[in-house]
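Engineer: According to mature numbering (1 follows the signal peptide of the UniProt record, and there is no 0), the residues represented by the sequence shown are -26 to -1, 1 to 81, in order.
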Amino acid sequence: MFRVRLAPLLLVLCSLCIGYAQVATAAKNEPAAAVASASTDSGKLNINTADEAALQGQMIGIGATKARAIVQYREENGPFSSVDDLLEVKGIGVKTLEKSRDKLTTE
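#1: Measuring straight from C-alpha to C-alpha, what distance separates Gly67 and Leu61?
#2: Please go through the same chain and pick out, in chain order, the residues whose beta-carbon is closer than 7 Å to the beta-carbon of Ala7, but skip the five residues on each side of it.
#3: Helix, strand or coil for Thr79? Go by DSSP, reduced to three states.
#4: Check the C-beta distance from residue 87 over to Lys77 and give it rounded, since I have them as a contact under 8 Å.
#5: So, at 6 Å on beta carbons, what are the nonlocal neighbours of Val63 in its own chain, with the 5 sequence-adjacent residues on each side left out?
#6: Let's see if you can read the secondary structure: which residues bound the alpha helix (DSSP H) around Asn51?
#7: Out of curiosity, what's the CA-to-CA distance linking Ile21 and Lys69?
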């Protein structure tokens, strides 16, 4: 009797787990789509077109605040002419830039 009552409960729990896994997978893939749209043919991240999520996802040491600062700087000052221009953004230093330099482009 105990096994008969447990079976429906296990089915419900398994369904919930599968549903959660599908939602979690979709959420993980969403930022990847944003990164892909900001990437160039060479696979590098274009800092002139990348949104906050793409910057945060692709640049090492860049969190939400610094990604927001990069986008805001770009909106206020126009497009970056080189990757080195990121050093003008408050909170971005040489060490932070060097960690991601090979992944970035302005084209």
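Every residue, glycine too, gets a C-beta built ideally from N, C-alpha and C.
Structural biologist: Let's see:
#1: Going from the Cα of Gly67 to the Cα of Leu61 covers about 6 Å.
#2: Model confidence at Ala7 stands at a pLDDT of 45, short of 50, so the residue's coordinates are unreliable and nothing is read from them.
#3: If DSSP states are grouped into helix, strand and coil, Thr79 belongs with the strands.
#4: Beyond the ends of the chain as shown, which are -26 and 81, falls residue 87; an answer cannot be given.
#5: Same-chain partners within the cutoff: Ala43, Ile44, Tyr47.
#6: Start and end: 38 to 51.
#7: Answer to the nearest angstrom: the Cα atoms are 17 Å apart.
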